[in-house]
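In the numbering used here, the protein residues as written are 10 to 144. Every residue gets a Cβ at the ideal spot worked out from N, C-alpha and C, and that includes glycine. Source: prediction; values computed, not measured.
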Amino acid sequence: MAKVAVTSTDGELIDEHFGRAGEFWIYEVNEQGEYRLLERRQLLAANTDSAAEDLHGQKVGLLLDVEVVLTAQIGPRAERELQQQGLLSLMVSGRIDKALEAYGKRGKFIRNNHLRHLAGGCATQCGHGSCGGCS
């Protein structure tokens with residue numbers, strides 16, 4: 010089982026930028042692609058007036074127990090902060106149900122390849138670039 014956070018404005022589509030997300034939909038997903046909604050986590054209203062750097066840290070703090078964040082877009086700073094905490098971020102768009110089903114069935118493959126990539130085991134020209142080890 011994996012815990013997955015999703016950025017969404019409506020609970021149907023992955024359509025929110027990580028930096029703009031005021032809440033995260035938290036799901037539990039198994040390797041057969043079956044999932045269930047566990048909860049919705051929201052930033053406290055008082056925290057939404059903070060500087061962007063502080064908000065990224067607060068959002069990451071809300072997600073420390075998840076494995077992956079599925080989001081429509083994410084900036085390099087937020088992606089780095091998630092990576093530093095051992096979280097994987099994937100830019101995805103479309104229906105939440107389809108994305109969760111696909112991640113459940115392929116999540117182990119994705120995680121293993123991502124960890125190899127971060128450890129420097131990817132080709133020098135893999136094109137990902139955000140880990141700082143590839144170009």
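| Check | Outcome |
| --- | --- |
| How far does the beta strand (DSSP E) with Q82 in it extend, from its first residue to its last? | Element bounds for Q82: n/a, residue is neither H nor E. |
| Considering only the alpha carbon of each residue, which of A81, E40, G42 and Q67 lies closest to Q51? | Q67 |
| Which runs of the beta strand (DSSP E) fall wholly inside the segment 19-53 and span at least 3 residues, in chain order? | 32-38 and 44-51 |
| Do you know whose CA, among L46, G28 and L22, lies nearest V13's CA? | L46 |
| Measuring CB to CB, does G116 end up less than 8 Å from A11? | yes |
| Please tell me whether E110 has its Cβ less than 8 Å away from any Cβ of chain C. | Among the chains of the structure shown, chain C does not appear; only one protein chain is present. |
| Would you call F118 buried or exposed, if buried means 16 or more other Cβ atoms sit within 10 Å of its Cβ? | exposed |
| Under the three-state reduction of DSSP, which class applies to L71: helix, strand or coil? | helix |
| Rounding to the nearest angstrom, what Cα-Cα distance links G31 and L53 in this structure? | 9 Å |
| From the DSSP output, in three-state form, read off C140 for me. | A caution first: C140 carries a pLDDT of 44, below 50, which makes its placement in the model too unreliable to give a value. |
| So L79 and V15 are supposed to be a Cβ contact under 8 Å. How far apart are they, rounded? | 5 Å |
| Decide if I20 is buried, meaning its Cβ has at least 16 other Cβ atoms within 10 Å, or exposed. | Sequence check: residue 20 is Gly here, not Ile. Per the 10 Å Cβ criterion, exposed. |
| Would you kindly work out how many angstroms separate the C-alpha atoms of S17 and S102, rounded to a whole number? | 10 Å |
| Using a Cβ-Cβ cutoff of less than 6 Å, which residues in the same chain neighbour A55 once the five nearest sequence positions on both sides are dropped? | For A55, the pLDDT reaches just 48, beneath the cut-off of 50, and the residue's location in the model is therefore unreliable, although a value from the coordinates is still provided. So the list is empty, once near-sequence residues are dropped. |
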